[in-house]
Amino acid sequence: MTIETLIWLIPLPPLLAFALIVLFTNRRKALSHTIAVAAAGISWLLGMVIFISAITREGLAENPFASAINWLPIGAEGAVIHPFQIGVQIDPLSAVTLFFVVWTVLMIFIYSIGYHNFGSPKGDADQPGLPPAGATLRDKKAKTKRVVPSVEPMYSRFFALISLFAFAMLVLVISDNFLTVYIGWEIMGFCSYALIGFWYAKPSARAAAVKAFMTTRVGDIFLLLGLVALYSVIGSLNYRDVIPNAQALMATSVIPGLSWAGLIGILMFIGVIGKSAQFPLHIWLPDAMEGPTPVSAMIHAATMVSAGVYLALRIFPLATMGWTPGEPITTAMTLMAFIGAFTALFAATIAVGQNDIKRVLAYSTISQLGYMIAALGVGAYVAAAFHLMTHAFFKALLFLGSGSVIHGMEHGVLHTGNHHLDPQDMRNMGGLKDRMPRTFWTFTIGGMALSGLPVVTAGFWSKDEILTGAFGSGHMVVFVVLAAAALLTAFYTARQITLTFLGKPRTSEAEHAHESAQTMTVPLIVLSVFAVAAGWVGIPHAFPGLGELVPNLFEEFVGSMPVYGAAGETAHVIEVAHSYIPLATSLLVSLGGLALGYLAYRDYQTAGAPDPVGRRLGFYWTWLENRYYFDEFYRWAFIRPSQWLSEVFTYRWVDKGIIDGFLHGVARGTLRAGGFVRNWIDVNVVNRLSDLTGVGVREAGTELRRVQSGHIQQYMITAALLLVVVGAVIYFMVLA
Amino acid sequence: MTPLQIVFLIVTVATLISAVMVVSARRMLHAALWLILSLLGIAVLFVTLETSFFAIVQVMVYVGAIAILIVFAVMLTRRDIQDRDKVTNRGAWAAALAALGVAGGLVGALTGWQAFASIRPELAADSAAEGTRIAQLGMALVSPDAYAIPFEVASVLLIGALIGAIYVAGERK
Amino acid sequence: MIPLSWYLIFAALLFAVGLYGVMARRNSVGILMGIELMLNAVNVNLIAFWRYLYPDRLDGQVFVAVVLVAAAAEAVVGLALIISAYRRHKTVVADEMTLLKG
Amino acid sequence: MPNFWSDPVGFLIQWLTNLLTGLGLSPELVKFLLAFLGAALLPLMAMLFVVFLIWYERKLYARMQDRFGPNRLGPWGIFQTFADMGKIFTKEIITPAGVDLIPFNLAPILAVGAVLLVWAVMPLAPRIVGVDLSVGLIFVIAAGGFGELAIMLAGWGSNNKYALLGGFRAVALLLSYEVPMVIAMLIPAMLAGSLNLVEIVASQDVPYLLLAPVAALIFFITQVAESGRAPFDLVEAESELVAGYNTEYSGLKFGMFYVAEFLHAFTSSMLFVTLFLGGYRGPFANEFPLLGLVYLMVKTFIVYFVTILFRGALPRFRIDQMLDLNWKVLTPLILAMVFVTALVDKIVVQAGGPLLVRTIVLFVVNMLIFWFSSKLLQRNVRPPRRKVSVQRPLATANVTPSASQGQDNLSA
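Protein chains in written order, with this note's numbering: chain H, 1154 to 1889; chain G, 40 to 212; chain X, 33 to 134; chain P, -9 to 402.
In structure tokens, the structure reads:
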């Protein structure tokens, strides 16, 4: 059993679990989660074996673990076209990604058991598609009844779907070509749709699911275009074939002034924008909070958005093709840098204004992803990968912690029976420190890591590297923006922790909240360990004191990846004299932000009181709370027009206008003529008026009856006609 | 004008005419019969291409299975034995326009292709090689480094279609 | 010897006829027949190209085989749908099935 | 000039070619004419067989039913069929009102044509075969499709609900029994490693009946069903639907259906012989092809005799029983057979086992599987209904407990 075979086996257990649960154990809750967790465990085991053997292998980057099989031997011979292949490959990047993916996935699986109240009684009024609303336990003798959380009605379904999700992510990580990546990518898209809309009876959940699916689709189309372009240029979709074909890729593309590499890089990067929620397409991610919290952790930490950044790392050779460190960056990189930096700041500001504990985390995720993208944009490959890993750990931790908090609050809600209270609103919490100690400590560790508490936490090291890269590559704008974002990050983290845990309980629900089950807290603890320790493998040499002691394993490992196409160099962090400015900055912003956040919200006493910072910001605050009115903007700018297109254009103009207009123009004409003549023959005014009305009514009738069309074939005819027209235009205008 | 070409022309004309009848015949059953005729014509074209295997598979699959299914469906969904309602919908003229456009576009694009007229190799008249060719195809379809996966996917597709059809068309108890 | 172009042009015409059937037929079984015609046109192209350009390769044949399978599956499912639709609201006329009306 | 005895067809062709070219016809034209001649002669031969066949079947069938059968016209009534032919030819051809003319008239032609198509690829004797087609087996299957089509068209075109029901039944029957039949045909193709009927025959040094008995059995059953004979003759279940799909037909059109049915049964028997009994093979067949033709016919008539035994011995199935038999017994069994045969044969051939070993192994495997499946079937056979006999109470003046108990028995 060689390592390659093991790699093939990694994604299979979750898939098997999915099939088993869907087909057989749909009714048996315990069996279902046993199968799912066992599958995740096997994948975890395999992943660990692979990871160990990967880090112990010499020169993994040059000759990675790889094996591939043909699945469609096709294409004109002679040309560069290779047969389509399905293959697996573990190079340093995929090894690292695999490491954190299997860990977080396993933790999330275990956590889900407790989150869905396994072992609790069936709910009184629960039905599939709604979150469990609690069950009443009546004690016969004591004549008392108490309300306890009830088990999720669609328990097995959840585990089936999330197993499929894990399968897709693992496929994406171990694959050696963009095509398989795309496959896993799309499966994940579907799973996120199904899981965000898991409680499909909630209209908001349905809407969020559709929104997430559609928004990511936009990106996926561009990704597909990028794949097609890549295949048509170098005739292969394999990672390893990108760099050898550099000169083919450096040729100018259909867009003047932009090389094929740049074009493909940009196209695929738009896919990344969609999947990991960068600036224009970020709107779906906060709404995705409608799903169960494990799903949020899955989507926003371990898998989906990480997949986006992972793909960004994979297309880095394309985006940077023909660029060597020190030179001005390429078009694609500029795009990355600015979109990333802007997103980082922009999302951070929104996060400050949110009161929903999960929404804050969602926006912070967006901003952290912006960090990584920006890092890639300035060429800090290793820093981006590093932050990807650390962020996966502490953001998973934070989400699971917030889920635990919400769980505790729901306990309180069940106790008081006040179902109008939103258990996710941080203003209703407070003082949970004493009631949920484990959650508090782990959440705090995660928060510290997120805000980059110096030296101990993982977030500090990765962020510091990014800032160093931005500073060192001399992009001051990016650097300043990222620093500001870091400040805000620390600020809203402090705000969150203060509002949630510190102070006194602001509601009676918060009074009665209590700690979650073991199955939920143990994963928190495990993840919190990583949230701290994951950073120590990446301490830069130049760091005063520690740098000499601890070797920078991560950089040596991932840094050996061959990425710079033209020069064929490897992905070292841009070598700069390690100046103390970025270091000082990151120290300053993290500590300062934390302090500010704590001070600002320390004395926030009563629930529903206006936000202390909000009072000062005033008008700008409302913008923040409403997320810059982005959804409204999109509704106005895109959804309306598309509806208009389908309704008015296809429907009224083409169908009613062109088709029926032609058929009925004649009839209408005669009708009018008849009415006209009769009116002038007839001198009687009343008569004429009545005739006019008659004609008018008849015409209106014919018109209105025709509006009720909507026949599929007529849409198809329209499509075909347009196809012919467009084809003719392209053929004669462009080609000829 | 070799005899083969004459045969080809006759067959294509017949096939096209019957295809036109398929889309314009009033009675669905007659349309189905015309469809069978045109499918047979295509089978003959395959014979002129010296792939008797596909010619016969064409007959087996289309005439033996699909056409029978269609006739079945026509019989099951008939109103009365001769359906009297209109053949085409209101957009027929636009549809004709679009179809003509597509045809014109395709033919135009084809004639625009410079290697177009030049390709006329002599087919190796090897009815003996036919058997070996079929054997090669069979091996390729099941050998894992050739087309095993598409083949399996196709079979899964068939199974799925089978189950789905049974589920959809089956009476709800 | 028959030039390749004849086959291609024939296939194009057949495709267009099938397309017309799909777009203009009222009876949904007729639509299905149109689809069959289009698929066959594709098959003619595939086989002609294979036979004339790459007679020693297998891609063309495999694709034809897959198209045949797809055609069979498509016919089966399509007819099943038509029959169940007919059972629901006694019609097979595409115009009268406007449940998806916007 | 090939020798007549070693290659009669080649001889005739050569002779006719010389003759016609002597008459000054161009060689292509002669080739063309000869092709037509062959295409005309082969079906004619088949038809002539049918004439004898009908008598044969009627005679045997009558004997099984303790009748004499045809015995008036000629010795043993052997010319009976000609009388029937005369009758049918002279009958009026009725076209009922409201029929759909094209299908109605197309159906009989298709019915006969579909069967005759099979004869085109059937190796009748060494070097005597219509077309040596490399995919002959698939051709046979494809030709079968037309038969089903013909029945559907007949049922539909007649504008008669009994006919339509018959047609539907027929197609349900034929379509479902085509599945195991085709798979059963696959096994000889697999053993011979070719789809070419000539090669399949040539490769049968041991008749495949011994290598694949189960496949042979299933093919036999299914071909009986395919030709719509008893016990699978629901297509024309007189008691239920007047005469099935050909209710509305009369005269020659009916005659064509009639001929088609007999010819179909005969052709499938011949196919059985070709696939499983080594076709024309026999001593000296290779030297004297006409001998091979004789062998083929003898074997075919034996198989056909068994078919008639079936028809005479078994009652008609109910339609649900029939479909159950197909989908729940034959299809799974034959699928299993395909897998097992492929596997075992591959192993044996890889191991370089001689023909004898191969034969024995395959035969044993077949028998084992057959035994297992029969055990499996017996497990869920419905037990025979138990006879309940009731003790009738004696009629007595005064009601005795025994009587009351008898009442209980009665009510029990």
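Every residue gets a Cβ at the ideal spot worked out from N, C-alpha and C, and that includes glycine.
Fair warning: this is a prediction, and the values are worked out from it, not measured in the lab.
is_contact[residue i, chain G] using C-beta, thresh 7 Å
{"i": "N1179/H", "result": "no"}
{"i": "V49/X", "result": "yes"}
{"i": "I337/P", "result": "no"}
{"i": "V172/P", "result": "no"}
{"i": "V119/P", "result": "no"}
{"i": "V130/P", "result": "no"}
Three-way DSSP call (helix, strand, coil) for residue i in this model
{"i": "A1724/H", "result": "Interpretation of A1724/H is limited by its pLDDT of 49, a score under 50 that renders its predicted location unreliable; the figure taken from the coordinates is listed afterwards. DSSP places A1724/H in coil when its eight states are reduced to three."}
{"i": "W1197/H", "result": "helix"}
{"i": "V263/P", "result": "helix"}
{"i": "K21/P", "result": "helix"}
{"i": "F353/P", "result": "helix"}
{"i": "N1216/H", "result": "coil"}
{"i": "Q1861/H", "result": "Summary for Q1861/H: the model assigns pLDDT 44, below 50, so the residue's position carries little reliability, and this model does not support an answer."}
{"i": "A1221/H", "result": "strand"}
{"i": "G1240/H", "result": "strand"}
{"i": "T1610/H", "result": "coil"}
{"i": "I118/P", "result": "strand"}
Length of the line joining the Cα atoms of residue i and residue j
{"i": "V1675/H", "j": "G1565/H", "result": "22 Å"}
{"i": "L10/P", "j": "E18/P", "result": "11 Å"}
{"i": "A1684/H", "j": "F1546/H", "result": "6 Å"}
{"i": "G88/P", "j": "N149/P", "result": "6 Å"}
{"i": "R348/P", "j": "G62/X", "result": "52 Å"}
{"i": "Y46/P", "j": "M180/P", "result": "35 Å"}
{"i": "Q1649/H", "j": "I1510/H", "result": "7 Å"}
{"i": "I71/P", "j": "A144/P", "result": "The sequence shown places Thr at residue 71/P, rather than the Ile named in the question. Taking the straight line from one Cα to the other gives about 25 Å."}
{"i": "L286/P", "j": "N316/P", "result": "29 Å"}
{"i": "L1574/H", "j": "N1581/H", "result": "8 Å"}
{"i": "G147/P", "j": "L91/P", "result": "7 Å"}
Pair within 7 Å by beta-carbon distance, residue i and residue j
{"i": "L1378/H", "j": "A1460/H", "result": "no"}
{"i": "V249/P", "j": "V40/P", "result": "yes"}
{"i": "L1747/H", "j": "A1602/H", "result": "no"}
{"i": "G1745/H", "j": "A1663/H", "result": "no"}
{"i": "V1742/H", "j": "A1623/H", "result": "no"}
{"i": "A1497/H", "j": "S1517/H", "result": "no"}
{"i": "A1450/H", "j": "G1561/H", "result": "no"}
Contact with chain H by residue i, beta-carbon distance below 7 Å
{"i": "G140/G", "result": "yes"}
{"i": "G177/G", "result": "no"}
Within-7 Å CB hit, residue i to chain P
{"i": "I202/G", "result": "no"}
{"i": "F190/G", "result": "no"}
{"i": "M99/G", "result": "yes"}
{"i": "I107/G", "result": "yes"}
Cutoff 7 Å: residue i Cβ touching any chain X Cβ
{"i": "I95/G", "result": "no"}
*asked:* Short of 9 Å Cβ to Cβ, which residues in the region 133 to 150 of chain P face chain G?
replied: A133, G134, G135, F136, E138, L139, M142, L143, G145, W146, G147 and N149
*If you measure beta-carbon to beta-carbon, which residues of the region 58 to 85 of chain X are closer than 7 Å to chain H?*
none
*Within 7 Å of chain G by C-beta, residues of the region 1213 to 1226 of chain H in sequence order*: I1222, N1223, W1224, L1225 and P1226
*Just by C-beta distance, which residues in the region 1865 to 1883 of chain H are closer than 9 Å to chain X?*
I1865, Q1866, Q1867, M1869, I1870 and A1873
*asked:* For the region 179 to 194 of chain P, list every residue whose C-beta sits within 9 Å of some C-beta in chain G, in sequence order.
replied: G183, S184, L185, N186 and E189
_the region 92 to 109 of chain P: positions lying closer than 9 Å to chain G by Cβ_ = I92, P93 and L96
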